[in-house]
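Undergrad:
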Amino acid sequence: MKTISTITAGIAVAGLAAASSAIYTVGEVEQAIITQFGKPVGAPITEAGLKIKLPFVQEVNRIDSRVLEWDGSPSDMPTKDKLYISVDLFARWKITDPLQYFLRLRDERSAQSRLDDILGSETRNAVAKHELIEIVRTTRGRTPLRDTLLTDQELAQDIGALVPITKGRALVEQQIFEAAAEKVRVFGIELLDIRFKRINYNESVRPKIYDRMISERRQIAERFLSEGNGEAARIQGNRVRDLNKIQSEAYRAVEEIRGAADAAAAAIYAGAYNVDAVSVEFYDFTRTMQAYGDMISDDTTLVLTTDSDLFQFLRGMQGEADPVRDPGSVPDDGGVASTGRARPAQDPSTPIVTRTDVELGQ
37 MKTISTITAG IAVAGLAAAS SAIYTVGEVE QAIITQFGKP VGAPITEAGL KIKLPFVQEV
97 NRIDSRVLEW DGSPSDMPTK DKLYISVDLF ARWKITDPLQ YFLRLRDERS AQSRLDDILG
157 SETRNAVAKH ELIEIVRTTR GRTPLRDTLL TDQELAQDIG ALVPITKGRA LVEQQIFEAA
217 AEKVRVFGIE LLDIRFKRIN YNESVRPKIY DRMISERRQI AERFLSEGNG EAARIQGNRV
277 RDLNKIQSEA YRAVEEIRGA ADAAAAAIYA GAYNVDAVSV EFYDFTRTMQ AYGDMISDDT
337 TLVLTTDSDL FQFLRGMQGE ADPVRDPGSV PDDGGVASTG RARPAQDPST PIVTRTDVEL
397 GQ
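Using my numbering, the first residue of the sequence shown is number 37, and each one after it goes up by one.
#1: Do Leu340 and Tyr328 have their C-beta atoms closer together than 9 Å?
#2: Using only the alpha-carbon positions, how far apart do Lys203 and Tyr237 sit?
#3: Decide if Ala308 is buried, meaning its Cβ has at least 16 other Cβ atoms within 10 Å, or exposed.
#4: If we ignore side chains and look at the alpha-carbon of each, how far apart do Ala300 and Ala313 end up?
#5: Have a look at Ile201, Tyr137 and Asp152 and flag the residue whose alpha-carbon is nearest the alpha-carbon of His166.
#6: Starting from Ile245 and walking both ways along the beta strand (DSSP E), at which residues does that stretch end?
#7: Please classify Ala147 as buried or exposed, where buried requires at least 16 other C-beta atoms within 10 Å of its C-beta.
#8: So the beta strand (DSSP E) Ala107 belongs to, where does it begin and stop?
#9: Using DSSP bridges, identify the partner residues of Gly156.
#10: Could you check where the beta strand (DSSP E) with Ile59 kicks off and where it finishes?
#11: Run through the DSSP bridge pairs and tell me what Thr71 is partnered with.
#12: Output yes or no for whether 9 Å exceeds the beta carbon distance between Val62 and Glu83.
#13: Would you identify the three-state DSSP class for Ile47, choosing helix, strand or coil?
#14: Contact between the stretch 141-155 and the stretch 79-96 is defined here as three or more beta-carbon pairs at a separation below 8 Å; is this criterion met?
#15: Here's a check: name, in chain order, each residue in its chain whose Cβ is nearer than 6 Å to the Cβ of Gly78, leaving out the five neighbours to either side.
#16: Helix, strand or coil for Pro134, going by three-state DSSP, please let me know.
#17: Between Tyr137 and Ile212, which are expected to be in contact by the criterion C-beta below 8 Å, what is the C-beta distance as a whole number of angstroms?
#18: Buried or exposed: Gln72, going by 16 or more other Cβ atoms within 10 Å of its Cβ?
#19: What three-state label does DSSP hand Ser344 in the structure shown?
#20: Enumerate in chain order the residues of its own chain whose CB-to-CB distance from Phe349 is below 6 Å, with the five nearest sequence positions on each side excluded.
#21: Would you check if the stretch 121-135 and the stretch 103-110 touch, i.e. whether three or more CB-CB distances between them fall below 8 Å?
#22: Classify Asp39: buried if its beta carbon has 16 or more other beta carbons within 10 angstroms, exposed otherwise.
#23: Tell whether a beta-carbon distance below 9 Å holds between Lys208 and Ile171.
#24: Skipping 5 residues on each side, what residues in its chain have a beta carbon closer than 7 Å to that of Gly46?
#25: Tell me which same chain residues have a C-beta within less than 8 Å of the C-beta of Thr175, skipping the five on either side of it?
#26: Under the three-state reduction of DSSP, which class applies to Asn238: helix, strand or coil?
#27: If you run the structure through DSSP and keep just helix, strand and coil, what is Arg145?
#28: Quick one: grab the DSSP three-state call for Ser315.
#29: Mapping DSSP to helix, strand and coil, what is Ile40?
#30: Contact defined as beta carbons within less than 8 Å: I believe Pro134 pairs with Gln67. What is the distance between those atoms, to the nearest angstrom?
#31: Name the two residues that bound the continuous alpha helix (DSSP H) containing Ile212.
#32: Less than 9 Å between the beta carbons of Leu139 and Val220, yes or no?
#33: Using the beta-carbon count (16 or more within 10 Å), is Ala296 buried or exposed?
#34: Can you tell me which residues form a DSSP beta bridge with Ala127?
#35: Please go through the same chain and pick out, in chain order, the residues whose beta-carbon is closer than 8 Å to the beta-carbon of Asp229, but skip the five residues on each side of it.
#36: To the nearest angstrom, how far is it from the Cα of Tyr60 to the Cα of Thr44?
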């Protein structure tokens with residue numbers, strides 16, 4: 037009895053194991069290929085649900101049915117105008133023929149590797165057929181936005197103008213897509229879309245490109261700086277000119293006022309001193325004394341003739357001054373007289389041509 041129970045239990049366990057191996061499920065985002073001894077059996081299972089297969093003999097190979105991503109690594113390649121650029125591309129794809137996909141590639145890792153080869157090759161071919169401007173720009177006939185600070189001369193030189201293109205980046209991407217889609221279709225893969233993710237200069241030429249961009253910006257900055265310096269010089273020149281004009285006009289006004297004041301003072305003096313002869317004589321005396329103060333200092337030397345107007349008041353001065361001799365008393369005297377401190381007596385026949393210090397008040 038115990039033996040029968042053991043056999044029954046073993047049969048039940050074997051039945052459960054067989055049932056669990058025979059029953060499987062397919063998810064909403066999956067496809068399945070049934071293989072028997074490593075070879076596909078029957079059509080691919082593309083509908084989700086509970087399925088049955090031969091236990092222990094057949095195996096379920098699940099394949100993703102969602103849209104998958106391919107993100108290639110940046111690759112350096114030359115353009116038609118011999119510029120080396122680094123291109124980073126990405127794509128979207130899905131498995132449309134699971135059986136062909138399983139027979140040719142088996143798994144997603146192999147599919148990604150094959151996409152690397154195909155898309156990388158087609159991208160290199162497309163980039164080599166077009167200039168860099170065709171790969172960078174998209175819109176044809178676009179009106180450029182120009183800096184309002186550009187001069188008419190710079191605008192006439194087409195500074196800021198866009199280089200014309202014939203295709204543009206969108207058509208280059210379309211060419212890569214069409215060429216690659218045809219090649220991946222044999223693997224049971226449908227290529228849905230590709231796009232350039234990043235386009236940059238090669239690492240070796242990037243510093244030179246940046247230096248050239250910096251040089252161009254520096255030239256524009258230097259032009260603005262020179263224009264600013266010229267404008268500053270013009271403003272400074274106008275300031276100096278206006279200042280000189282104001283100063284000259286002020287000086288002219290001062291001189292006019294001073295001249296009018298001098299004229300008025302002269303008129304007052306004339307009215308005051310022309311009353312009689314004594315007033316005139318007093319005026320001459322005061323003006324001569326004022327002239328002495330303006331002309332004579334401690335180290336002043338004067339050479340005067342005896343008939344000089346300045347000498348007439350010195351002639352009557354008392355003190356240690358030498359006597360005044362008549363110009364005609366000594367031959368060849370030339371009418372020269374000298375005033376100053378006392379000096380030793382000399383022969384009257386000797387001409388007097390001596391210059392001494394004249395001190396005011398002696």
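Ideal placement from N, C-alpha and C gives every residue a C-beta, glycine not left out.
Keep in mind that this is a model prediction, so the values were computed, not measured.
TA: Quick answer:
#1: Not a contact, by the Cβ cut-off of 9 Å.
#2: In a straight line, the C-alpha of Lys203 is about 21 Å away from that of Tyr237.
#3: Burial call: exposed.
#4: Whole-angstrom Cα-Cα distance: 22 Å.
#5: Minimum Cα-Cα distance from His166 among the listed residues Ile201, Tyr137 and Asp152 corresponds to Ile201.
#6: For Ile245, no beta strand (DSSP E) segment is defined; the enclosing uninterrupted segment is the alpha helix (DSSP H) at Arg242 to Tyr309.
#7: By the C-beta density criterion, Ala147 is buried, having at least 16 other C-beta atoms within 10 angstroms.
#8: Looking at the sequence shown, residue 107 is not Ala but Asp. Following the DSSP letters along the chain, one finds Asp107 inside the beta strand (DSSP E) bounded by residues Leu104 to Asp107.
#9: Note: Gly156 sits in no beta bridge, so no partner.
#10: Note, Ile59: beta strand (DSSP E), Ile59 to Val62.
#11: According to DSSP, which records beta bridges pairwise, Thr71 is partnered with Pro76 and Glu95.
#12: In contact: Val62 and Glu83 (Cβ atoms closer than 9 Å).
#13: In the structure shown, Ile47 falls within a helical segment according to DSSP collapsed to helix, strand and coil.
#14: Under the three-pair Cβ rule at 8 Å, the stretch 141-155 does not count as touching the stretch 79-96.
#15: So the qualifying residues of the chain are Ile70.
#16: Looking at Pro134 - three-state DSSP - the assignment turns out to be helix.
#17: Contact annotation, Tyr137 with Ile212: C-beta distance approximately 22 Å; criterion of less than 8 Å not satisfied.
#18: Classification for Gln72: exposed.
#19: The answer is coil: DSSP assigns Ser344 none of H, G, I, E or B.
#20: Spatial neighbours of Phe349 in its own chain (CB-CB distance under 6 Å, excluding positions within 5 residues in sequence) are listed in chain order as Thr324.
#21: Yes: at least three Cβ pairs fall under 8 Å.
#22: First, the residue type needs correcting, since residue 39 is Thr and not Asp in the sequence shown. Around the beta carbon of Thr39, fewer than 16 other beta carbons lie within 10 angstroms, which makes this residue exposed.
#23: A quick correction: the sequence has Val, not Lys, at residue 208. Contact flag set, yes.
#24: So no residue of the chain qualifies.
#25: These residues qualify, in order along the chain: Gly204.
#26: Asn238 falls in the coil class under three-state DSSP.
#27: Helix.
#28: In the three-state DSSP reduction, Ser315 falls in the helix class (H, G or I).
#29: Note: Ile40 maps to helix in three-state DSSP.
#30: Contact between Pro134 and Gln67 holds: CB atoms are separated by about 4 Å, below the 8 Å threshold.
#31: Run containing Ile212: Arg205 to Val220, per the alpha helix (DSSP H) assignment.
#32: Remark: C-beta atoms of Leu139 and Val220 do not approach each other more closely than 9 Å.
#33: By the 10 Å Cβ count, Ala296 comes out exposed.
#34: In the DSSP output, where bridge partners are listed per residue, Ala127 has Trp106 and Ile230.
#35: Closer than 8 Å at Cβ, skipping near neighbours: Ala127, Arg128 and Phe213.
#36: Between Tyr60 and Thr44, the C-alpha separation is close to 26 Å.
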